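Visitor: What follows is a structure written as structure tokens; I'll ask about it next.
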Amino acid sequence: MTDVHHAEATAFFDDFVAAFAHFDGPLIARRYHVPYLAMHAAGLHDLLTSAEAVGAYFQRIVDQYRGDGCTACRHRGLQVLTMGGEALLATVSWDLLDASGGVLSTWRESYNLLRTPQGLRIFASTDH
């Protein structure tokens, strides 16, 4: 990994946090490549095969987070590995925050990212 790759991934996740602040599933979904595979910590998975499905998936998630009192999120502890010239594996810890900045929930997630003409896009993620 180079400093350039780390900076590229940091910018991607900073942009993700900014999109998350709108609690808009289709806006968040613009950071994903279709098809998208989401592996959950319990071993279950979702395979989403259209941009509309990815947007609806994230709308359900942010609606639940908002209902739980979440007002923002942040990432930390970014680790990045290069996988050839066009892909990265990035792992971050996420914190969901309430209005006072308190942590409601935290987890670690790894992302397979592909370079596209539009920038990095997630094509698979794994919660752990």
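Using numbering that gives the first Met the number 0, the first residue of the sequence shown is number 0, and each one after it goes up by one. Using N, Cα and C, we set each Cβ at its ideal position, and we do this for glycine too. Being a predicted model, the structure only gives us computed values, none of them experimental.
(1) Give every residue of the same chain whose Cβ lies closer than 8 Å to the Cβ of Phe122, excluding the five residues on either side of it in the sequence, and list them in chain order.
(2) Less than 8 Å separating the beta-carbons of Arg59 and Phe22?
(3) At what residue ranges does the stretch 25-80 contain a whole run of the alpha helix (DSSP H), taking only runs of 4 or more?
(4) Taking Ala98 as part of the alpha helix (DSSP H), name the residues at either end of that continuous run.
(5) Put Asp126 into one of helix, strand or coil per three-state DSSP.
(6) Looking at the unbroken beta strand (DSSP E) that takes in Thr115, where does it start and where does it end?
(7) So, helix, strand or coil for Thr1, using DSSP?
(8) Classify Val16 as buried or exposed, calling it buried when 16 or more other Cβ atoms lie within 10 Å of its own Cβ.
(9) Nearest to Ser49 by alpha carbon, out of Ala28, Cys69, Met38 and Asp67?
(10) Identify whether Asp23 lies in helix, strand or coil by the three-state DSSP scheme.
(11) Please report the Cβ distance between Arg73 and Leu96, rounded to the nearest whole angstrom; I am assuming they are in contact, meaning their Cβ atoms lie under 8 Å.
Guide: Working from what's here:
(1) Taking the sequence shown and counting its residues from 1, one reaches residue 122 at position 123. Contacts found: Tyr31, His32, Pro34, Tyr35, Leu36, Asn111, Leu112 and Leu113.
(2) Taking the sequence shown and counting its residues from 1, one reaches residue 59 at position 60. Taking the sequence shown and counting its residues from 1, one reaches residue 22 at position 23. In this structure, Phe22 does not lie closer than 8 Å to Arg59 by Cβ.
(3) 50-66
(4) Locating residue 98 in the sequence shown gives position 99, counting from the first residue. Boundaries cannot be given for Ala98, as no alpha helix (DSSP H) includes it and DSSP labels it neither H nor E.
(5) As a first step, residue 126 must be located in the sequence shown, where it is residue number 127. Of the three classes helix, strand and coil, the one that applies to Asp126 here is strand, per DSSP.
(6) The residue given as residue 115 occupies position 116 in the sequence shown. Looking at the DSSP string, the run of the beta strand (DSSP E) that includes Thr115 is Val102 to Thr115.
(7) The count along the sequence shown starts at 1 and reaches residue 1 at position 2. In this structure, Thr1 counts as coil in the three-state DSSP scheme.
(8) On the sequence shown, residue 16 is found 17 positions in, with the first residue counted as 1. That one is exposed.
(9) Counted from its first residue, the sequence shown places residue 49 at position 50. It is Ala28 whose Cα lies nearest to the Cα of Ser49.
(10) Reading the sequence shown from its first residue, position 24 is the one you call residue 23. Correct three-state label for Asp23: coil.
(11) Reading the sequence shown from its first residue, position 74 is the one you call residue 73. Reading the sequence shown from its first residue, position 97 is the one you call residue 96. With 8 Å as the limit, Arg73 and Leu96 qualify as a contact, their Cβ atoms being about 7 Å apart.
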